Amino acid sequence: MLAYNTDGTYWLGARLMRLAHAAWNTASLAPIARPFIEALAAEVGETVHLAQLDNGQVLFIDKLKATDQFETLARVGHVAPAYCTGVG
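In this note's numbering, each residue carries its 1-based index in the sequence shown increased by 6.
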């Protein structure tokens, strides 16, 4: 669940991220916001992301892809520095 870096530090591994994502989905904003995300995506015809900002990091909570647009790299459960994202 944890991964070890060569510099002696640890970071969250993929299994722990998936577990956190599953827990987040069961008691989070995602199920509540989903109808609004669907309505917005239908209105604008673009991919819509739901994300949470926490201490300079963005956690992607939900995503609804537009049918005729290119695929974005952001995926649900992904964490990135806010300055590197379109939602931050």
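We treat Cβ as the ideally placed atom computed from N, Cα and C, and that holds for glycine.
Please read these numbers as outputs of a predicted model, since none were measured by experiment.
C-alpha gap between residue i and residue j, whole angstroms
{"i": "L22", "j": "D74", "result": "33 Å"}
{"i": "L56", "j": "G19", "result": "23 Å"}
{"i": "G51", "j": "D13", "result": "45 Å"}
{"i": "A39", "j": "Q58", "result": "12 Å"}
In DSSP terms, what residue i is bridged to
{"i": "V64", "result": "L59 and A86"}
{"i": "V54", "result": "L70"}
Own chain, CB closer than 6 Å to residue i, minus 5 neighbours either side, in chain order
{"i": "P41", "result": "none"}
C-beta contact flag for residue i and residue j at 9 Å
{"i": "A72", "j": "T91", "result": "no"}
{"i": "T69", "j": "A80", "result": "The amino acid occupying residue 69 in the given sequence is Lys; Thr does not appear at that position. Cβ atoms of K69 and A80: closer than 9 Å."}
{"i": "A88", "j": "G62", "result": "yes"}
With 16 other Cβ atoms within 10 Å as the buried cut-off, status of residue i
{"i": "I67", "result": "buried"}
{"i": "V64", "result": "buried"}
Chain-order list of residues whose beta-carbon lies under 8 Å from that of residue i (same chain, five-residue window excluded)
{"i": "D60", "result": "none"}
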